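**Student:** Letter 37 of the sequence shown, counting from 1, is numbered 94 in this note's numbering, and no numbers are missing.
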Amino acid sequence: MIGRFGIDDVRPQVSGRALPAKAVVGEVVPVSALVWREGHDAVAATLVLTRPDGEQLTVAMQPETYRPDYVHAVFVPGTEGLWRFRIDAWSDVMATWRNAVTKKFNAGQGADELANDIAHGIELFEAAAAQTPAPGREVLEGAARALADDTLPLARRLAPGVSDDVREVLEAHPLREMLTRGPVCDVLVERREALVNSWYELFPRSTGGVDEAGRPVHGTWATTAEHLERVAAMGFDTVYFPPIHPIGEVNRKGRNNTLVAEEGDVGSPWAIGSAAGGHDAFHPLLGGEQEFMAMKARADELGLEIALDFALQAAPDHPWAAEHPEFFTVLADGTIAYAENPPKKYQDIYPINFDNAPDALYAEIYRVLMYWVGLGITTFRVDNPHTKPVNFWHWLITKVHETHPQVIFLAEAFTRPPRMYGLSKAGFSQSYTHFTWKTTKAELTDFAGLLVDVSDVSRPNLFVNTPDILHSSLQTGGRAAFAIRATLAATMSPLWGVYSGFELYESVPVHDGSEEYLDSEKYELRPRDFAAALARGDSLEPYLTLLNRIRRDNPALQQLRQIRFHEAANEQIIAYSKVDAVTGNAVLVVVNLDPHVTQESTVLVDAEAIGLNQGDSFEVHDLISGENYTWRAGGDNFVRLAPEGNVAHIFRLPDVATQRRDALAYRRISDHDYRP
Numbered sequence: 058m059i060g061r062f063g064i065d066d067v068r069p070q071v072s073g074r075a076l077p078a079k080a081v082v083g084e085v086v087p088v089s090a091l092v093w094r095e096g097h098d099a100v101a102a103t104l105v106l107t108r109p110d111g112e113q114l115t116v117a118m119q120p121e122t123y124r125p126d127y128v129h130a131v132f133v134p135g136t137e138g139l140w141r142f143r144i145d146a147w148s149d150v151m152a153t154w155r156n157a158v159t160k161k162f163n164a165g166q167g168a169d170e171l172a173n174d175i176a177h178g179i180e181l182f183e184a185a186a187a188q189t190p191a192p193g194r195e196v197l198e199g200a201a202r203a204l205a206d207d208t209l210p211l212a213r214r215l216a217p218g219v220s221d222d223v224r225e226v227l228e229a230h231p232l233r234e235m236l237t238r239g240p241v242c243d244v245l246v247e248r249r250e251a252l253v254n255s256w257y258e259l260f261p262r263s264t265g266g267v268d269e270a271g272r273p274v275h276g277t278w279a280t281t282a283e284h285l286e287r288v289a290a291m292g293f294d295t296v297y298f299p300p301i302h303p304i305g306e307v308n309r310k311g312r313n314n315t316l317v318a319e320e321g322d323v324g325s326p327w328a329i330g331s332a333a334g335g336h337d338a339f340h341p342l343l344g345g346e347q348e349f350m351a352m353k354a355r356a357d358e359l360g361l362e363i364a365l366d367f368a369l370q371a372a373p374d375h376p377w378a379a380e381h382p383e384f385f386t387v388l389a390d391g392t393i394a395y396a397e398n399p400p401k402k403y404q405d406i407y408p409i410n411f412d413n414a415p416d417a418l419y420a421e422i423y424r425v426l427m428y429w430v431g432l433g434i435t436t437f438r439v440d441n442p443h444t445k446p447v448n449f450w451h452w453l454i455t456k457v458h459e460t461h462p463q464v465i466f467l468a469e470a471f472t473r474p475p476r477m478y479g480l481s482k483a484g485f486s487q488s489y490t491h492f493t494w495k496t497t498k499a500e501l502t503d504f505a506g507l508l509v510d511v512s513d514v515s516r517p518n519l520f521v522n523t524p525d526i527l528h529s530s531l532q533t534g535g536r537a538a539f540a541i542r543a544t545l546a547a548t549m550s551p552l553w554g555v556y557s558g559f560e561l562y563e564s565v566p567v568h569d570g571s572e573e574y575l576d577s578e579k580y581e582l583r584p585r586d587f588a589a590a591l592a593r594g595d596s597l598e599p600y601l602t603l604l605n606r607i608r609r610d611n612p613a614l615q616q617l618r619q620i621r622f623h624e625a626a627n628e629q630i631i632a633y634s635k636v637d638a639v640t641g642n643a644v645l646v647v648v649n650l651d652p653h654v655t656q657e658s659t660v661l662v663d664a665e666a667i668g669l670n671q672g673d674s675f676e677v678h679d680l681i682s683g684e685n686y687t688w689r690a691g692g693d694n695f696v697r698l699a700p701e702g703n704v705a706h707i708f709r710l711p712d713v714a715t716q717r718r719d720a721l722a723y724r725r726i727s728d729h730d731y732r733p
């Protein structure tokens with residue numbers, strides 16, 4: 058429907074308003090629209106917000122400086138739930154009057170020529186005063202009296218009406234005519250941990266240490282609880298466990314993914330299910346529900362949230378295979394099809410068929426998931442969700458959130474962007490990304506720009522590695538490569554993650570050209586002596602701890618929607634800043650992308666991006682080294698970063714002034730303009 062005024066390109070908006078955009082409590086949410094009208098009269102806009110409890114709020118929208126006819130505003134939701142907003146456009150008769158009389162007066166027109174404008178202005182100010190409470194009413198009434206006083210010189214008659222005091226009152230209490238309401242859009246606000254979180258992956262079965270002969274001992278929930286103290290001390294928020302269920306005996310994989318398991322081989326935890334139970338059971342060697350809850354109580358004491366793997370597949374001896382063969386694909390010879398990703402074969406896993414018996418299957422999966430929610434688990438890392446129907450995920454997540462809206466779902470989907478963003482739209486709170494393969498300055502800049510453009514719907518969790526992904530840069534780059542990747546992940550997104558062993562620089566592939574680890578923890582117990590590595594100075598643990606502390610202390614690193622890149626003359630040096638629009642906290646990150654060679658460069662700081670004026674000198678404090686420097690906005694600032702030392706600077710900048718924060722929070726940085 059065409060309104061009196063045009064209200065187009067309203068953002069955030071997802072799938073034509075069929076689905077809500079995403080935000081979290083305390084996040085700065087930018088809203089914008091293209092608002093236009095005929096002729097030369099002024100048009101203005103108001104952001105109208107409706108909280109989950111029904112209370113309505115209004116925010117004045119400001120014209121953008123770099124896109125004609127666009128307006129924007131920001132809001133910060135303070136509660137979880139479904140927020141709604143619309144943008145109202147209206148004829149700004151006061152701005153139109155002010156523009157006309159100012160131009161005519163400056164052109165030399167006198168009181169007689171402005172008689173009609175003055176009479177109209179008196180009417181407008183009286184109407185505006187009638188709807189404005191004190192003390193603003195008195196300001197507007199004074200402007201009307203001045204206009205009506207023909208004993209005053211023309212300049213003095215007009216001055217109150219065009220003053221900053223009057224503008225301030227009218228901004229709070231505008232005189233609106235021909236109000237046009239825009240479409241209502243939804244924003245689903247989740248708890249803050251859906252956006253600001255650091256993850257650490259830990260295999261509970263690898264926490265048992267070794268016996269007197271040096272042989273690995275299977276971990277228990279008690280040994281897992283002991284390992285949680287180290288994870289918490291590093292400053293991680295969430296500890297993620299791969300599947301903790303019984304592991305299939307049939308077609309069990311051996312070490313390094315061999316097809317035949319030897320005696321004592323523990324198998325892949327993703328081959329879920331055996332005679333001991335399925336997705337709602339614990340691996341017998343870990344311990345049962347009571348022991349699990351004791352471990353969880355310790356995690357709660359340490360401030361750690363536990364995330365469980367939710368992998369919808371089954372081993373051949375999973376109870377479902379016998380009790381519910383309709384959950385799978387039965388071949389012509391009567392056997393159940395195992396998983397394949399040609400040429401790869403996964404003989405130890407049966408994929409689920411979601412179309413054979415959806416009612417029974419959906420109900421069973423929901424029952425299993427709610428068992429873990431009932432134990433207090435509120436975060437799930439979902440394995441390969443892109444291989445399951447997206448409508449199933451939308452149904453499941455929506456149903457869970459009806460009673461437990463605090464549950465976070467992380468989509469582990471390394472797939473094409475439409476599928477990744479489609480899963481986010483379906484309800485996933487977080488998503489894996491292609492960050493692992495982005496290593497050059499151009500790739501990282503392009504990647505970060507896309508993250509900002511899809512931030513209304515997708516929250517990227519930047520994992521530096523996974524049990525499946527050992528990037529070639531980590532295989533050959535030594536300690537510096539690990540520090541570089543950790544720095545980028547921890548500062549480019551408010552969500553990042555580390556898999557156990559990363560801090561020990563584990564880097565040997567199963568063979569040349571492979572991204573799989575040799576002696577992968579997916580197929581065997583991997584006890585690690587973290588304390589010994591730390592004692593001999595062969596651990597990245599102190600640096601990971603520092604990164605997490607820097608993230609907690611700097612709100613700029615806890616937001617996703619704003620990042621700006623700065624020009625570095627050397628292609629091996631990348632520089633970017635982030636600003637928090639609530640506190641004004643600002644951070645500039647400079648990273649050497651070369652793990653082998655010392656790199657030098659000058660950095661040309663974009664003054665506008667950090668809320669300064671061109672040529673301003675300012676102090677920077679390096680949060681890694683503790684050193685201070687004086688830099689200049691718009692000038693060439695020298696950096697030198699060596700692989701054997703600190704591979705990066707994380708500079709704390711002067712806080713950005715209040716009046717410049719909203720524009721920085723809104724402005725886009727890339728040319729993707731992806732519209733989910």
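Note that the Cβ used here is the ideal one computed from N, Cα and C, for glycine as well.
All values derive from a computational prediction rather than experimental measurement.
Return the chain-ordered list of same chain residues with a C-beta closer than 8 Å to the C-beta of L426, the five sequence neighbours on each side being excluded.
**Tutor:** Within the sequence shown, the letter at position 369 stands for residue 426. Counting only Cβ-Cβ distances below 8 Å, and skipping sequence neighbours, we find F367, F437, L453 and V457.
**Student:** What residue range is occupied by the uninterrupted alpha helix (DSSP H) comprising S220?
**Tutor:** If you number the sequence shown from 1, residue 220 lands on position 163. Element bounds for S220: n/a, residue is neither H nor E.
**Student:** Using only the alpha-carbon positions, how far apart do A185 and V105 sit?
**Tutor:** Counted from its first residue, the sequence shown places residue 185 at position 128. Counted from its first residue, the sequence shown places residue 105 at position 48. If you take the alpha carbons of A185 and V105, they lie about 20 Å apart.
**Student:** In its own chain, which residues sit with a C-beta less than 7 Å from the C-beta of A318, not counting the 5 before and 5 after it?
**Tutor:** Within the sequence shown, numbered from 1, the residue matching residue 318 stands at position 261. Counting only Cβ-Cβ distances below 7 Å, and skipping sequence neighbours, we find R309, K310, G311 and G324.
**Student:** Identify the residues that DSSP records as bridge partners of K79: which are they?
**Tutor:** As a position in the sequence shown, residue 79 is number 22, starting the count at 1. Answer is L245, bridged to K79.
**Student:** If we require 3 or more residues per run, which beta strand (DSSP E) segments fall completely within the segment 130-161?
**Tutor:** Taking only runs of at least 3 residues, the beta strand (DSSP E) segments lying wholly in the segment 130-161 are 138-149.
**Student:** Where do the N-terminal and C-terminal ends of the alpha helix (DSSP H) with V509 fall, by residue?
**Tutor:** Counting from one through the sequence shown, the residue named residue 509 turns up at place 452. K498 to D510 is the span of the alpha helix (DSSP H), which, as asked, contains V509.
**Student:** Once DSSP output is grouped into helix, strand and coil, what is the label at F492?
**Tutor:** Working through the sequence shown from its first residue, we reach residue 492 at position 435. Residue state, collapsed to three classes: helix.
**Student:** How close, in whole Å, do the beta carbons of W93 and G63 come, if the pair is a contact with beta carbons under 8 Å?
**Tutor:** The residue given as residue 93 occupies position 36 in the sequence shown. The residue given as residue 63 occupies position 6 in the sequence shown. Confirmed, about 4 Å.
**Student:** G218: buried (16+ other C-beta within 10 angstroms of its C-beta) or exposed?
**Tutor:** Residue numbering aside, residue 218 sits at position 161 when the sequence shown is read from its first letter. So G218 ends up on the buried side.
**Student:** Got a sec: is the Cβ-Cβ distance from V105 to anything in chain C below 8 Å?
**Tutor:** The structure shown contains no chain C, having only a single protein chain.
**Student:** Go ahead and pull the three-state DSSP assignment for Y478.
**Tutor:** Position 421 of the sequence shown, counting from 1, holds the residue named residue 478. DSSP places Y478 in helix when its eight states are reduced to three.
**Student:** Assign P402 to one of three DSSP states: helix, strand, or coil.
**Tutor:** Working through the sequence shown from its first residue, we reach residue 402 at position 345. With the sequence shown as reference, residue 402 is identified as Lys, and Pro is not the correct amino acid for it. DSSP places K402 in strand when its eight states are reduced to three.
**Student:** Checking the sheet assignment: what are the DSSP bridge partners for F695?
**Tutor:** Walking along the sequence shown from the start, residue 695 turns up at place 638. DSSP lists T659 as partners of F695.
**Student:** Judging by CA-CA distance, which residue of L316, S331 and I329 is the nearest neighbour of K401?
**Tutor:** The sequence position of residue 401 within the sequence shown is 344, counting from 1. Among L316, S331 and I329, the Cα nearest to that of K401 is on L316.
**Student:** Pick helix, strand or coil for A470, following the three-state DSSP scheme.
**Tutor:** Here residue 470 corresponds to residue number 413 of the sequence shown, with the count starting at 1. Coil at A470, not helix or strand.
**Student:** Pick out whichever of I175, L245 and L181 has its Cα sitting closest to the Cα of R213.
**Tutor:** Translated into positions along the sequence shown, residue 213 becomes position 156. Here the closest residue by C-alpha is I175.
**Student:** Using the DSSP secondary-structure output, state which residues sit across from K635 in a beta bridge.
**Tutor:** Residue mapping note: residue 635 aligns to position 578 of the sequence shown, counting from 1. For K635, which the question treats as bridged, DSSP gives the partners V644.
**Student:** Is the segment 714-721 touching the segment 673-682, taking contact as three or more C-beta pairs under 8 Å?
**Tutor:** Output reads no: the segment 673-682 does not touch the segment 714-721.
**Student:** Is T107 near W140, with beta carbons less than 8 Å apart?
**Tutor:** Walking along the sequence shown from the start, residue 107 turns up at place 50. Walking along the sequence shown from the start, residue 140 turns up at place 83. For T107 and W140, yes; Cβs fall inside 8 Å.
**Student:** If you run the structure through DSSP and keep just helix, strand and coil, what is N685?
**Tutor:** As a position in the sequence shown, residue 685 is number 628, starting the count at 1. Three-state DSSP puts N685 in a strand.
**Student:** May I have the straight-line CA-CA distance separating A200 from F162, to the nearest angstrom?
**Tutor:** For the purposes of this step, residue 200 is identified with residue 143 of the sequence shown, where counting begins at 1. For the purposes of this step, residue 162 is identified with residue 105 of the sequence shown, where counting begins at 1. Their backbone Cα atoms lie some 17 Å apart in a straight line.
**Student:** With C-beta atoms as the reference, is L359 less than 8 Å away from F298?
**Tutor:** Numbered from 1 along the sequence shown, position 302 holds the residue referred to as residue 359. Numbered from 1 along the sequence shown, position 241 holds the residue referred to as residue 298. Against a cut-off of 8 Å, the Cβ pair of F298 and L359 comes out as no contact.
**Student:** According to DSSP, simplified to helix, strand and coil, what is S550?
**Tutor:** As a first step, residue 550 must be located in the sequence shown, where it is residue number 493. Coil at S550, not helix or strand.
**Student:** For S658 and S481, what's the separation of their Cα atoms in angstroms?
**Tutor:** Within the sequence shown, numbered from 1, the residue matching residue 658 stands at position 601. Within the sequence shown, numbered from 1, the residue matching residue 481 stands at position 424. Answer to the nearest angstrom: the Cα atoms are 39 Å apart.
**Student:** Looking at W429 and M352, is the spacing between their C-beta atoms short of 8 Å?
**Tutor:** The sequence position of residue 352 within the sequence shown is 295, counting from 1. The sequence position of residue 429 within the sequence shown is 372, counting from 1. Not closer than 8 Å, so no.
**Student:** Throw me the rounded Cβ distance for the V246 and A80 pair, which I believe falls under 8 Å.
**Tutor:** If you number the sequence shown from 1, residue 246 lands on position 189. If you number the sequence shown from 1, residue 80 lands on position 23. Confirmed, about 5 Å.
**Student:** Count the CB pairs spanning the segment 407-423 and the segment 459-469 that are closer than 8 Å, and state whether there are at least three.
**Tutor:** Not touching, per the Cβ criterion.
**Student:** In the segment 266-309, which residue ranges form an unbroken beta strand (DSSP E) of at least 3 residues, counting only runs that do not cross its ends?
**Tutor:** With a minimum length of 3 residues, the continuous beta strand (DSSP E) runs that stay inside the segment 266-309 are 295-298.
**Student:** Report the rounded CA-to-CA distance for A588 versus E560, giving the unit in angstroms.
**Tutor:** The residue given as residue 588 occupies position 531 in the sequence shown. The residue given as residue 560 occupies position 503 in the sequence shown. Their backbone Cα atoms lie some 12 Å apart in a straight line.
**Student:** Alpha carbon to alpha carbon, how far is G193 from N627?
**Tutor:** Your numbering for residue 193 matches position 136 in the sequence shown. Your numbering for residue 627 matches position 570 in the sequence shown. Cα-Cα distance, rounded: 55 Å.
**Student:** Please state if the CB of V128 and the CB of A152 are separated by a distance shorter than 8 Å.
**Tutor:** Along the sequence shown, one-based indexing puts residue 152 at 95. Along the sequence shown, one-based indexing puts residue 128 at 71. No, the Cβ-Cβ distance between A152 and V128 is not below 8 Å.
**Student:** Whose CA, out of L361, D663 and A396, lies closest to the CA of Q370?
**Tutor:** Numbered from 1 along the sequence shown, position 313 holds the residue referred to as residue 370. The candidate whose alpha carbon is nearest that of Q370 is A396.
**Student:** Check whether the Cβ atoms of V85 and A638 sit closer than 8 Å, and answer yes or no.
**Tutor:** For the purposes of this step, residue 85 is taken as the residue at position 28 of the sequence shown. For the purposes of this step, residue 638 is taken as the residue at position 581 of the sequence shown. The answer is yes: Cβ separation under 8 Å.
**Student:** Could you spell out where the beta strand (DSSP E) holding W117 opens and where it closes?
**Tutor:** For the purposes of this step, residue 117 is identified with residue 60 of the sequence shown, where counting begins at 1. Here residue 117 turns out to be Ala, not Trp, going by the sequence shown. Q113 to A117 is the span of the beta strand (DSSP E), which, as asked, contains A117.
**Student:** How about F142 and V71: do their beta carbons lie closer than 8 Å?
**Tutor:** Walking along the sequence shown from the start, residue 142 turns up at place 85. Walking along the sequence shown from the start, residue 71 turns up at place 14. Their beta carbons are not under 8 Å apart, which means F142 does not touch V71 by this criterion.
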